[in-house]
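The structure appears below as structure tokens.
2 protein chains.
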Amino acid sequence: MARLGKRGRLPGIVDVAERAKVSPATVSRYFNDPDIVRYRTRERIRKAVEDLGYVRNRAMRSMVGGATGSIGLVIPTIDNAIFSEMLQAFSSALATHGRTMLIAAHGYDLAREAVLVHSLSEQRVDALALIGLEHRPETLAQIERQGIPAAMLWNYRPDQDWPCIGFDNELAGRLAAEHLLALGHRDILFATAEERSNDRAADRRRGALDAVRGAGLPVPEGRRIVCPYDIRMSKELIAGTLRAGDRPSAIFAGNDVIAQGALFAATSLGIRVPDDLSVIGIGDFRGSDAFEPGLTTVRIPARRIGQLAADALVETIDWPEADFHHEHCCPLELIVRGTCGSPSAAG
Amino acid sequence: MARLGKRGRLPGIVDVAERAKVSPATVSRYFNDPDIVRYRTRERIRKAVEDLGYVRNRAMRSMVGGATGSIGLVIPTIDNAIFSEMLQAFSSALATHGRTMLIAAHGYDLAREAVLVHSLSEQRVDALALIGLEHRPETLAQIERQGIPAAMLWNYRPDQDWPCIGFDNELAGRLAAEHLLALGHRDILFATAEERSNDRAADRRRGALDAVRGAGLPVPEGRRIVCPYDIRMSKELIAGTLRAGDRPSAIFAGNDVIAQGALFAATSLGIRVPDDLSVIGIGDFRGSDAFEPGLTTVRIPARRIGQLAADALVETIDWPEADFHHEHCCPLELIVRGTCGSPSAAG
DNA sequence: AACGGGTTTGCAAATGTTTTCATAACCATC
DNA sequence: GATGGTTATGAAAACATTTGCAAACCCGTT
């Protein structure tokens, strides 16, 4: 059971002080700036801390103007390959800075996002990271009013009001589409994610469509389907479209999960990739390179975004005065593997 | 910028009190037990809170003996399909209870796990969830000394000292192996995860090996390889083994990621599944059903574990006296899809 | 108008830590 | 052994909230 201090609670700084025969102030200094306490005293305190099993209390420290040491991350969803790499990088970068990560998922619901931001404010997070650039006004108002350092992740557009660290989703869409166009595709199926509450998905599709229309090609309504971020469901939806007689020569997938679904759909229908059908994704998730053939995709520097975001936020916390320009538009890279080829003569 | 209260900081409960012309105590009651404050007063406070943009401060509340409202989860890794479903369920179940989730990953390093537990103790989490049953003594000592309610997740063995919510990993291994045996396989390759700091992986392999040896079959050293939880690397390792002349008739994969790697390895070598090679996994991750053919596997009730764990911990926090018996051994289910068949006559 | 009972509110103490300012201890030098 | 200059420590205030206790209030009865 819990070892109790004098007052029946967990041992506090004053219990340690008593035992080490010093004042609480000295114990505080022992932790926050050990060098200014004499060696002999330090040893006595060290021993007392060890005997009592004292653990510092960050909640209390935050009272006197200190920080809580926890940083909030508000994310659409956790159980998805999309963000988990970034999450991991963010989390471990924070750990190296001695911070911990409070995380909350809103399930692509911006109204819920506002609630989560409020809840994280109650926890007095030292900083906040949100995904995407579009948020409810009350969400942003809350953050501003509380004066919480914040950054918007994953999407990048120039001239934003908030620090943003991400990449150009429109460009990602364009790069993928242009690759298909360059290979000679003229009939492309656009399988993209639901765009409500998801500016990233919207930007990608816009980029892709702009490229195609810029090439003077039409994009009929029937060539656009909305897929969830789920391999199984994407597979079924895309298979449904492919089964119809008039088959596109290529599929532009809003992300790798959808692309993987497309690949399986093709396999299940006996359609050869890339001979009879080309597929391109966005993301380059772990595992996309293992497919047979390997998925051609646009690589998103997920780990880098997580790392940069953590560093940026900690920097802002530690030097509140300095007005850093935390804007990073991470470079994208087209990864050509085996799922894209020129359209067959038949197509 | 941040809207400041009278004392230059964020508005506090006393700023609200002043503005509503009541005492701080009443404001406190307004939040914690609204019914005991009169309607007229309540309205005045509501207005003051709104005007000032006051946000309650959980860290402060915890001072007077209250809870911080955050629950810690210590996990081997985030960026992996393995845990993310559980994570999501855990997180959203906590949210419905008005709690937030502090999460930290140790990268399958139990020494680091101890550090993380200490760090979470400093944050005064109300409860703690760890993955697996084996932990450093100092980790457990820390939790006990601090009196933090804790639960061990993901693995289940009877008669544990700690509440545990998970499933029988040994049984999972046995179920998978027995399925292969029942189909007539006699030469099985065991592709399992590194077992240091991973009791789940060890239990699964033990279960599988026991089943095979119980059937009187040998398991030569060459039929056991260690794979990381990574599709690409698993694919390469397994392809290396399959390329060797003497090929097994089936692969037992320690989890679905490894199994997926095996499937791609087979495809890349032109080995037909299930005709020339059977593959079975453990986990039934999202997407495993989309493979062609669908992956035969043992389903782990990941979401259920997350949900149960969250409920159990919150229950323990809210009724510290009651001595709940929080032990759940979630049932497993063999999911037969298309990757397992009888060994070909040639095998 | 005084009374009575329940409901609502205020006062003040308590919580664990940091921090400012003042004092005490130390050490080298004369 | 007195002096002066560091350096190390202590006392007390401050932080934002909750809570036990007591006082004030309200409203219907006498």
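Chains as they are written, first to last, in the numbering used here: chain A, 5 to 351; chain B, 5 to 351.
Every residue gets a Cβ at the ideal spot worked out from N, C-alpha and C, and that includes glycine.
Residue from the options whose Cα sits closest to the Cα of residue i
i                     : options                    : result
residue 245 (chain B) : B:54, B:229, B:315, B:191  : B:229
residue 142 (chain B) : B:156, B:121, B:158        : B:121
residue 285 (chain B) : B:279, B:178, B:272, B:102 : B:178
residue 270 (chain B) : B:238, B:259, B:301        : B:238
residue 2 (chain A)   : A:302, A:94, A:72          : In the structure as shown, chain A starts at 5 and stops at 351, and residue 2 (chain A) therefore has no counterpart that could be examined.
residue 289 (chain B) : B:300, B:279, B:282, B:280 : B:300
residue 133 (chain B) : B:155, B:60, B:103, B:192  : B:155
residue 76 (chain A)  : A:168, A:317, A:28         : A:317
residue 95 (chain B)  : A:87, A:83, A:90           : A:83
residue 226 (chain B) : B:202, B:307, B:255, B:220 : B:255
residue 109 (chain B) : B:103, B:213, B:123        : B:123
residue 148 (chain B) : A:294, A:57, A:348         : A:57
residue 183 (chain B) : B:283, B:165, B:241, B:26  : B:283
residue 151 (chain A) : A:135, A:137, A:131, A:165 : A:131
residue 51 (chain B)  : B:136, B:26, B:65          : B:26
residue 264 (chain A) : A:43, A:104, A:224, A:297  : A:297
residue 347 (chain A) : A:31, A:191, A:243, A:144  : A:191
residue 128 (chain B) : B:78, B:85, B:345, B:66    : B:66
residue 69 (chain A)  : B:64, B:106, B:279         : B:64
residue 165 (chain B) : B:281, B:274, B:136        : B:136
residue 333 (chain A) : A:145, A:175, A:125, A:231 : A:175
With 16 other Cβ atoms within 10 Å as the buried cut-off, status of residue i
i                     : result
residue 204 (chain A) : buried
residue 173 (chain B) : buried
residue 73 (chain A)  : buried
residue 189 (chain A) : buried
residue 117 (chain B) : buried
residue 233 (chain B) : buried
residue 328 (chain A) : exposed
residue 314 (chain A) : buried
residue 80 (chain B)  : buried
residue 36 (chain B)  : exposed
residue 39 (chain B)  : exposed
Euclidean distance between Cα positions of residue i and residue j
i                     : j                     : result
residue 4 (chain B)   : residue 267 (chain A) : What the structure shows of chain B is the stretch from 5 to 351, and residue 4 (chain B) is not part of that stretch, so it cannot be assessed.
residue 99 (chain A)  : residue 323 (chain B) : 32 Å
residue 331 (chain B) : residue 311 (chain B) : 13 Å
residue 163 (chain A) : residue 207 (chain A) : 16 Å
residue 304 (chain B) : residue 215 (chain A) : 44 Å
residue 101 (chain A) : residue 320 (chain A) : 13 Å
residue 262 (chain B) : residue 119 (chain A) : 39 Å
residue 180 (chain A) : residue 171 (chain A) : 14 Å
residue 351 (chain B) : residue 272 (chain A) : Any reading at residue 351 (chain B) is ruled out, since the residue's pLDDT is 44, under 50, leaving its predicted position unreliable.
residue 217 (chain B) : residue 139 (chain B) : 29 Å
residue 112 (chain A) : residue 21 (chain A)  : 50 Å
residue 160 (chain B) : residue 338 (chain B) : 18 Å
residue 336 (chain A) : residue 287 (chain A) : 10 Å
residue 250 (chain A) : residue 241 (chain A) : 15 Å
residue 104 (chain B) : residue 41 (chain A)  : 37 Å
residue 30 (chain A)  : residue 24 (chain A)  : 10 Å
residue 71 (chain A)  : residue 114 (chain A) : 27 Å
residue 220 (chain B) : residue 201 (chain B) : 30 Å
residue 294 (chain A) : residue 53 (chain B)  : 55 Å
residue 210 (chain B) : residue 97 (chain B)  : 33 Å
residue 291 (chain B) : residue 86 (chain B)  : 12 Å
residue 345 (chain A) : residue 276 (chain B) : 25 Å
residue 199 (chain A) : residue 259 (chain A) : 13 Å
Cβ-heavy atom distance, residue i to the ligand PLP, below 7 Å
i                     : result
residue 240 (chain A) : The ligand PLP is absent from the structure shown, which contains no ligands of any kind.
Contact set for residue i: own chain, Cβ-Cβ below 8 Å, skip 5 residues either direction
i                     : result
residue 307 (chain A) : 89, 90, 92, 93
residue 13 (chain A)  : none
Own chain partners of residue i with C-beta closer than 7 Å, once the 5 adjacent residues on each side are dropped
i                     : result
residue 212 (chain B) : 177, 178, 180, 181, 194, 256
residue 18 (chain A)  : 28
Contacts around residue i, its chain only, beta-carbon distance under 6 Å, and the 5 residues preceding and following it disregarded
i                     : result
residue 247 (chain A) : none
residue 326 (chain B) : none
residue 235 (chain B) : 261, 264, 265
residue 185 (chain A) : 219
task = With a floor of 4 residues, list each alpha helix (DSSP H) that falls wholly inside the stretch 301 to 342 of chain B, ordered by position along the chain.
result = Taking 4 residues as the minimum length, the alpha helix (DSSP H) runs contained wholly in the stretch 301 to 342 of chain B are 306 to 322, in order along the chain.
request  = Let me know the alpha helix (DSSP H) ranges lying completely inside the stretch 182 to 224 of chain B, each 4 residues or longer, listed in chain order.
outcome  = For the stretch 182 to 224 of chain B, whole alpha helix (DSSP H) runs of length 4 or above, ordered along the chain, are 203 to 218.
inquiry  = Which runs of the alpha helix (DSSP H) at least 4 residues long sit entirely within the stretch 44 to 89 of chain B? Give them in chain order.
reply    = Counting only runs that start and end inside the stretch 44 to 89 of chain B, the alpha helix (DSSP H) elements of at least 4 residues fall at 62 to 67.
Unbroken stretches of the beta strand (DSSP E), 3 residues or longer, contained in the stretch 242 to 309 of chain B = For the stretch 242 to 309 of chain B, whole beta strand (DSSP E) runs of length 3 or above, ordered along the chain, are 254 to 257, 282 to 287, 300 to 303.
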